[in-house]
Amino acid sequence: MRDDLLALTPDALAALANRGLVKRAAKDLDAGTVPELALADGALTAVFPDGATAVLPAEGGLEAATCSCGAPGKCRHRVGAVLAYQREQEAAPAAEAVPADAGPVKTPAVITDDQLRAAFGPHAFKAAEATRKAGYTARLTWPGPDQHATAELPAATVKFLVPGDVGYAHSDATGPARDAAIVLAVWAFREAEAGAATVSVGGSDPAETLAESVHLVHQVLLDGAAGADAVLRAALQRESKALTRRRAHWPAGAVNDLIDQLQRYEDRSAAYDPHRLAVLLAEIPARARAAAHPTGTPAAHVLGSEEADATPLTLVRLTGLGARVGTEGDRRTLELYLAQPETGMVLSIRRDWPIPENEQVTGADVAARRLAGCRIGSLAAGNTVTEAATRTAARALKLGTGRLAKTQVLPLGLAWNDLPATLRATDLDALAAELGERPPALVRARVAAESLRVLAVESTELLGYDPASQRLHALVTGPDGGTARVLVAHTSAAPGALEAAEQALNAGPLAVAGHVHRHRGELIVEPTAILTPDGPVVPDLAPGDDSAELEAAGESAAAEPVSAAIEDAIAVCADLAHQGLRRSREPSRVRVEAAASALNRVGLQRAATDFVHLSKALGNEDEAAKSAAWTAAAVRMLVTAELH
1298 MRDDLLALTP DALAALANRG LVKRAAKDLD AGTVPELALA DGALTAVFPD GATAVLPAEG
1358 GLEAATCSCG APGKCRHRVG AVLAYQREQE AAPAAEAVPA DAGPVKTPAV ITDDQLRAAF
1418 GPHAFKAAEA TRKAGYTARL TWPGPDQHAT AELPAATVKF LVPGDVGYAH SDATGPARDA
1478 AIVLAVWAFR EAEAGAATVS VGGSDPAETL AESVHLVHQV LLDGAAGADA VLRAALQRES
1538 KALTRRRAHW PAGAVNDLID QLQRYEDRSA AYDPHRLAVL LAEIPARARA AAHPTGTPAA
1598 HVLGSEEADA TPLTLVRLTG LGARVGTEGD RRTLELYLAQ PETGMVLSIR RDWPIPENEQ
1658 VTGADVAARR LAGCRIGSLA AGNTVTEAAT RTAARALKLG TGRLAKTQVL PLGLAWNDLP
1718 ATLRATDLDA LAAELGERPP ALVRARVAAE SLRVLAVEST ELLGYDPASQ RLHALVTGPD
1778 GGTARVLVAH TSAAPGALEA AEQALNAGPL AVAGHVHRHR GELIVEPTAI LTPDGPVVPD
1838 LAPGDDSAEL EAAGESAAAE PVSAAIEDAI AVCADLAHQG LRRSREPSRV RVEAAASALN
1898 RVGLQRAATD FVHLSKALGN EDEAAKSAAW TAAAVRMLVT AELH
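Just so we're on the same page, our numbering is the position in the sequence shown counted from 1, plus 1297.
So this is what it looks like as structure tokens:
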């Protein structure tokens, strides 16, 4: 008897093949097109009346099945053979009852490495070994009466449709990434205790992994942006490649961004940002320390070692969550946001174009451009179905192009209602609490749009436009409670955004998608799209010339002393990083001491102490002490700013 075939439900067959094939095969059987079945040495042979012969070997599942009909991949004969066998067994006389002590339910843990090698070959095994060496975590669902064994890996989800049989494993990844993911899923079940919800597997010494990165950051900090020559940038590039090989994706991304900032300074680009430089110089040592001394956050999460470089996706549906248009130097930038409901991820597509001299490229112009054969405006506000997409470790999405890379955009409708609870919030107080429990941004996953959420809206109060901050304000209330402040900022890149947002908020929006954060105890959302009863509105892509009269807001909020002290302290750190600690002089020490006094006045005494130590270190010749003191002060202030 083939227990594996009897265990396949219609939904499991649809996942392995597709629902259309399952329906057609069942319809053929109902019409009397029943094959002749023969079971020999575990292999099931099905001979159909149309002359096709399907063979399902004892091992390997539908992937290893063959059929003489000539159809590539799965076909109705292979699926029909499974259904016919199931019907034949159902019609057979009832077998003896299985003893109650027949043993525990099989799990993927029983699959051996020899079986994995035989099924997927040495290349998949080698790729999985590299991931295990770097370390990864998995969320596990154990097999039960109404659920399949499932491993949710960072880069893919693997479901074992037949317990303990690798031939019937299904994943949303394709190609070599699928094979490696199945191997990793088996190892996760093998490492976990029975019933455990999560498990961490493998991992190397984080201190060793990031030692060279921390050393190079120390050199940049001492020399400053001006002193970071081509030799140092080349060393950083080598380190970035080494980190990628060791699957330390988040530090590798930070090093790449650091190289980019140094190159922008070298090119005298307007896109160079001293504040961003300081954040990157603080991030890499912070990750090294957090990974070496994890307190609740696994080292694999800090390093990103559980992520795949790139994950090819099969036929996938993506839900548009809007877009943002901005400016970097002399280039217009676009960030397009698409949710993958099955995984609960928000993926982003980033593009930029040069701004021609004496011309203006607005968000409305960008909306009319095409990406993968589709209008950008349609992608941002529709449902996208694509057969050619790749997801990177940083949640960036690449859409394939070409004759075989089909991408289609359908109306959005109410697709936001079908998003998982990890993306769609109805209780805004609970969302604020969730954001407050996250690790600091310096050690969180470096993924695009990590804070983008869809907020369901029960009611809206438009507060008006504040000319001082050039922002439109509104308050929205969630169906299950809580409020959030909607802020739409004016930018020259999107002159029609304020008018479009005001009209959408006045129309009684159903939901708001946007980047969410907390500020002064209030939940803030910067919208990327607003869903109204008439359809979605993407403010940054809306037409307009900034000539509309907007309703004025009430009195602007006064400057807050704590925020001012924090921002000034971070600016002091950024200035020191820009000029280099070796080049710091007495005026720099005076600014550091003034920042310490300001922090002490507003009650941030530990932060003030860090700046006092930094001032003393700058007056000595010990370069290691200077670097350590700057890092301690910068990390504390960046975390304080986020929490505040």
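Cβ atoms here follow ideal geometry from the backbone N, Cα and C, with glycine treated the same way.
The structure presented is a predicted model; accordingly, all values stated were derived computationally and were not measured.
Pairing A1690 with T1434 gives a Cβ-Cβ distance that is not under 8 angstroms. Between the segment 1485-1497 and the segment 1381-1390 there are fewer than three C-beta pairs closer than 8 angstroms, too few to call the two in contact. Beta-bridge partners assigned by DSSP to C1366: none are found. Taking the C-beta atoms as reference points, G1432 is found nearer than 8 angstroms to S1497. Between the alpha carbons of A1891 and K1695 lies a distance of about 48 angstroms. The beta carbon of D1476 lies closer than 6 angstroms to those of F1417, A1421 in the same chain, with the five residues before and after it left out. Burial check for V1887: the Cβ neighbour count within 10 Å stays below 16, so the residue is exposed.
Here L1711 carries a coil assignment [DSSP, helix/strand/coil]. Short of 6 angstroms from the beta carbon of P1776, and not among the five residues preceding or following it, lie these beta carbons of its own chain, in chain order: T1723, A1753, E1755. DSSP assignment within the segment 1407-1478 yields the following whole alpha helix (DSSP H) runs of 4 residues or more, N-terminal first: 1410-1431.
Inside the segment 1495-1558, DSSP marks whole alpha helix (DSSP H) runs of 4 or more residues at positions 1503-1524, 1527-1542, from first to last along the chain. Beyond the five residues adjoining it in sequence on each side, A1485 comes within less than 7 angstroms, by CB distance, of A1435, L1437, A1448, V1496, V1498 in the same chain, given in chain order.
As summarised for the segment 1608-1681, the continuous beta strand (DSSP E) elements at least 3 residues long and confined to that stretch are 1613-1625, 1628-1637, 1642-1651, given in chain order. Contact annotation: the segment 1647-1654 does not touch the segment 1702-1715, with fewer than three C-beta pairs closer than 8 angstroms. Secondary structure at H1572: helix, using DSSP grouped into helix, strand and coil.
Inclusion of A1470 and P1609 in the CB contact set at 8 angstroms is warranted, their separation being smaller than that value. Counting along the chain, the unbroken beta strand (DSSP E) around A1826 starts and ends at 1819-1829. Restricting attention to G1472, R1879, I1408, the CA atom closest to the CA of P1460 is found in I1408.
The residues G1877, L1878, R1879, E1920, K1923, S1924, in chain order, have a CB closer than 8 angstroms to that of L1519 in the same chain once the five nearest residues on each side in sequence are set aside. Between the beta-carbon of L1533 and that of L1555 there is about 6 angstroms, and that keeps the pair under the 8 angstroms contact cut. Taken in chain order, the unbroken stretches of beta strand (DSSP E) that lie wholly in the segment 1700-1771 and span 3 residues or more are 1704-1708, 1749-1753, 1756-1763. DSSP lists no beta-bridge partner residue for G1339. 8 angstroms or more divides the Cβ of G1733 from the Cβ of R1817.
The beta carbon of P1582 sits closer than 7 angstroms to those of V1511, V1514, T1928, all from its chain and outside the five residues before and after it, given in chain order. Taken through DSSP and simplified to helix, strand or coil, H1590 comes out as coil. In this structure, the CA atom of Q1560 is about 38 angstroms from the CA atom of N1680. By the Cβ-count criterion, S1881 is buried, with 16 or more other Cβ atoms from all chains shown falling within 10 Å of its own Cβ. Looking at the backbone, the Cα of E1639 and that of K1403 are separated by about 26 angstroms. Under the three-state reduction of DSSP output, T1306 falls in the coil class, being neither helix nor strand. Judged by DSSP secondary structure, T1687 falls within the beta strand (DSSP E) whose first and last residues are 1686-1689. With at least 16 other beta carbons inside 10 angstroms of its own, Q1558 counts as buried. For H1598, the enclosing alpha helix (DSSP H) has its first and last residue at 1596-1600.
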